[in-house]
Amino acid sequence: MDLLSGKKGLVVGVANERSYAWHIAGALIEHGATCAFTHMPGEKHERRARRAIGELGVSDPWLKPLDAGSDDQMDAVFSAYAESFDRMDFLIHSIAYAEREWLVPGKFVEIPRQAFLNAIDISAYSLVGMARRAKPIMSRTGGSILSMSYYGSQKVVLGYNVMGVAKACLECTTRYLASELGEYGIRVNTISGGYLRTLSAAAVGGAEGIGDANHHRAPLRRNVEGGEVGRTAVYLVSDLSSGVTGGNIFVDCGANTIGI
Ligand SMILES: NC(=O)c1ccc[n+]([C@@H]2O[C@H](COP(=O)([O-])OP(=O)(O)OC[C@H]3O[C@@H](n4cnc5c(N)ncnc54)[C@H](O)[C@@H]3O)[C@@H](O)[C@H]2O)c1
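For what it's worth, this note's numbering labels the leading residue of the sequence shown as 561, then goes sequentially.
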């Protein structure tokens, strides 16, 4: 299958082989894409990311450190990418952060200013910072920018707290970016993924309960698999979705459609 043959891009957010970014990269590679990667700075993070990427069959990856809270590191990564590659067809933003102390039911009202702002900075503003730096190289060929959201952006999910606010910001940011970057042939979308057992999911107080509830409540009676989000990413990166931008696609076994 070569839906993405010849396409190249950057994947941000592989922590290990459970990460949504890992599943997305695996699906993109399976369909012929070439992926470059970043990892959180630090030897331990690099080792884990390298090992996970190795499991995708990429033995000598393009892999650079990136803390999304640092403008200097963002500059360095996008400059280095442009020196190594002649095109950027896709940018996968699959990162989020909030101090887990505030991801507990009943603690939303207690969150301090700086913790709130940090969550928005890393989880949403970083998409703007990356899109701005991607624009010069991506506009050569046109491209697709994709980030990961969650239903807690639209309805209250107990314990999701500031992360829900950050995801609402991310989804709105997606629409504004799409409207400004469309004239350069750049599309911007989010996937709203279902519960997947990852490091980030474990930081949300009560997230296990969400996973358990999906077996009863979600129309498909199960949690989503990483590969299902990966294949939706293939669609959004490929020319199959050439008319789709500013959107949000739920890939959650239908869980978002169920009310009481
Ligand atoms: N797991 C779920 O249930 C679920 C559901 C919907 C959406 N999501 C979203 O999917 C995305 C990926 O999360 P995941 O579940 O794969 O967990 P994960 O822990 O595997 O990935 C989160 C990534 O964010 C990175 N990150 C955190 N702070 C960073 C910073 N300052 N700079 C750069 N990178 C940073 C981590 O290094 C890690 O690679 C997130 O946006 C998350 O909110 C997850």
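Idealized CB from N, CA, C, for every residue including glycine.
**Request:** Count the CB pairs spanning the segment 598-609 and the segment 804-814 that are closer than 8 Å, and state whether there are at least three.
**Result:** Judged by Cβ distances under 8 Å, the segment 598-609 makes no contact with the segment 804-814, as fewer than three pairs qualify.
**Item:** Close Cβ partners of residue 676 (< 6 Å) along its chain, the five nearest in sequence each way excluded
**Value:** Translated into positions along the sequence shown, residue 676 becomes position 116. Excluding residues within five positions, the ones whose Cβ falls inside 6 Å are 722.
**Request:** Using 10 angstroms around the beta-carbon of residue 671, count the other beta-carbons present and answer buried if the total reaches 16, otherwise exposed.
**Result:** Reading the sequence shown from its first residue, position 111 is the one you call residue 671. By the C-beta density criterion, residue 671 is buried, having at least 16 other C-beta atoms within 10 angstroms.
**Request:** Report the rounded CA-to-CA distance for residue 743 versus residue 802, giving the unit in angstroms.
**Result:** The count along the sequence shown starts at 1 and reaches residue 743 at position 183. The count along the sequence shown starts at 1 and reaches residue 802 at position 242. In a straight line, the C-alpha of residue 743 is about 13 Å away from that of residue 802.
**Request:** Check whether the Cβ of residue 709 sits closer than 7 Å to any heavy atom of ligand 1, and report yes or no.
**Result:** Taking the first residue of the sequence shown as position 1, residue 709 is located at position 149. Yes, the Cβ of residue 709 comes within 7 Å of a heavy atom of ligand 1.
**Prompt:** Rounded to the nearest angstrom, how far is the Cβ of residue 683 from that of residue 657, given a contact under 8 Å?
**Reply:** In the sequence shown, residue 683 corresponds to position 123, counting from 1. In the sequence shown, residue 657 corresponds to position 97, counting from 1. Going by Cβ atoms, the distance from residue 683 to residue 657 rounds to 6 Å, so yes, they are a contact pair.
**Asked** When you compare only the Cα positions, how much space is there between residue 775 and residue 788?
**Response** By one-based count along the sequence shown, residue 775 stands at place 215. By one-based count along the sequence shown, residue 788 stands at place 228. C-alpha separation (whole angstroms): 17 Å.
**Request:** Taking all protein chains shown into account, decide if residue 564 is buried (16 or more other Cβ within 10 angstroms of its Cβ) or exposed.
**Result:** For this step, residue 564 is matched to residue 4 along the sequence shown. With a threshold of 16 other beta carbon atoms within 10 Å, residue 564 meets it and is buried.
**Message:** If distances are taken between C-alpha atoms only, which option among 615, 764 and 750 comes closest to residue 659?
**Reply:** Locating residue 659 in the sequence shown gives position 99, where the first residue counts as 1. Residue 659 has its Cα closest to that of 764, out of 615, 764 and 750.
**Message:** Measuring only the C-alpha atoms, how far is residue 773 from residue 725?
**Reply:** Your numbering for residue 773 matches position 213 in the sequence shown. Your numbering for residue 725 matches position 165 in the sequence shown. Each residue's alpha carbon lies about 23 Å from the other.
**Request:** Determine whether the Cβ of residue 622 lies closer than 8 Å to any Cβ atom of chain C.
**Result:** This model lacks chain C altogether, as it is built from one protein chain only.
**Asked** Would a C-beta distance cut-off of 8 Å place residue 582 and residue 628 closer than the cut-off?
**Response** Reading the sequence shown from its first residue, position 22 is the one you call residue 582. Reading the sequence shown from its first residue, position 68 is the one you call residue 628. No Cβ-Cβ contact shorter than 8 Å links residue 582 with residue 628.
**Asked** Does any heavy atom of ligand 1 sit closer than 7 Å to the C-beta of residue 629?
**Response** Within the sequence shown, numbered from 1, the residue matching residue 629 stands at position 69. For residue 629, the Cβ falls inside the 7 Å cut-off from some heavy atom of ligand 1.
**Asked** Considering only residues of the same chain and omitting the five flanking positions on each side of residue 747, which have a CB-CB separation below 6 Å?
**Response** Walking along the sequence shown from the start, residue 747 turns up at place 187. Excluding the 5 residues flanking it on each side, residue 747 has same chain C-beta neighbours closer than 6 Å at 704 and 805, in chain order.
**Prompt:** Straight-line CA distance for residue 678 to residue 698?
**Reply:** Reading the sequence shown from its first residue, position 118 is the one you call residue 678. Reading the sequence shown from its first residue, position 138 is the one you call residue 698. Straight-line Cα distance between these residues: approximately 28 Å.
**Message:** Please state the DSSP three-state secondary structure of residue 648.
**Reply:** Looking up residue 648 in the sequence shown gives position 88. In the structure shown, residue 648 falls within a coil segment according to DSSP collapsed to helix, strand and coil.
**Message:** Following a CB-centred definition, is residue 652 positioned closer than 7 Å to any heavy atom of ligand 2?
**Reply:** Ligand 2 is absent from the structure shown, which contains only ligand 1.
**Request:** Could you check how far apart the C-beta atoms of residue 634 and residue 694 are, in whole angstroms? I think they sit under 8 Å.
**Result:** Translated into the one-based positions of the sequence shown, residue 634 becomes position 74. Translated into the one-based positions of the sequence shown, residue 694 becomes position 134. In fact, because the Cβ distance is near 10 Å, the residues do not count as touching under 8 Å.
**Request:** Please say whether residue 572 and residue 653 have beta carbons closer to each other than 8 Å?
**Result:** Counted from its first residue, the sequence shown places residue 653 at position 93. Counted from its first residue, the sequence shown places residue 572 at position 12. The Cβ-Cβ distance between residue 653 and residue 572 falls below 8 Å.
**Message:** Looking at ligand 1, does it come within less than 7 Å of residue 750, judged from the CB to the closest heavy atom?
**Reply:** Locating residue 750 in the sequence shown gives position 190, where the first residue counts as 1. The answer is no for residue 750.
**Prompt:** With which residues is residue 727 paired in a DSSP beta bridge?
**Reply:** Against the sequence shown, residue 727 aligns to sequence position 167. The partner list for residue 727 (beta bridge, DSSP) is empty, contrary to what the question assumes.
**Distance cut-off 7 Å: residue 690 Cβ against heavy atoms of ligand 1** = One-based indexing of the sequence shown puts residue 690 at position 130. Incorrect: residue 690 has no Cβ contact closer than 7 Å to ligand 1.
**Message:** I need the boundaries of the beta strand (DSSP E) containing residue 695, first residue and last residue.
**Reply:** By one-based count along the sequence shown, residue 695 stands at place 135. For residue 695, no beta strand (DSSP E) encloses it; the enclosing alpha helix (DSSP H) starts and ends at 686-698.
**Asked** Using the beta-carbon count (16 or more within 10 Å), is residue 732 buried or exposed?
**Response** What you label residue 732 is simply residue 172 of the sequence shown in a count that begins at 1. That one is exposed.
**Asked** Can you tell me the Cα-Cα spacing of residue 727 and residue 712, whole angstroms?
**Response** As a working mapping, residue 727 is identified with position 167 in the sequence shown. As a working mapping, residue 712 is identified with position 152 in the sequence shown. Rounded to the nearest angstrom, the two C-alpha atoms are 7 Å apart.
**Message:** Is residue 655 near ligand 1 - that is, is its Cβ less than 7 Å away from at least one heavy atom of it?
**Reply:** In the sequence shown, residue 655 corresponds to position 95, counting from 1. Here the distance from the Cβ of residue 655 to the nearest heavy atom of ligand 1 is below 7 Å.
**Asked** Would DSSP call residue 628 helix, strand or coil?
**Response** Along the sequence shown, read from residue 1 onward, the residue named residue 628 stands at position 68. If DSSP states are grouped into helix, strand and coil, residue 628 belongs with coil.
**Message:** Taking the straight line between their C-alpha atoms, what separation do you get for residue 667 and residue 737?
**Reply:** For the purposes of this step, residue 667 is taken as the residue at position 107 of the sequence shown. For the purposes of this step, residue 737 is taken as the residue at position 177 of the sequence shown. Spanning the two alpha carbons is a distance of roughly 32 Å.
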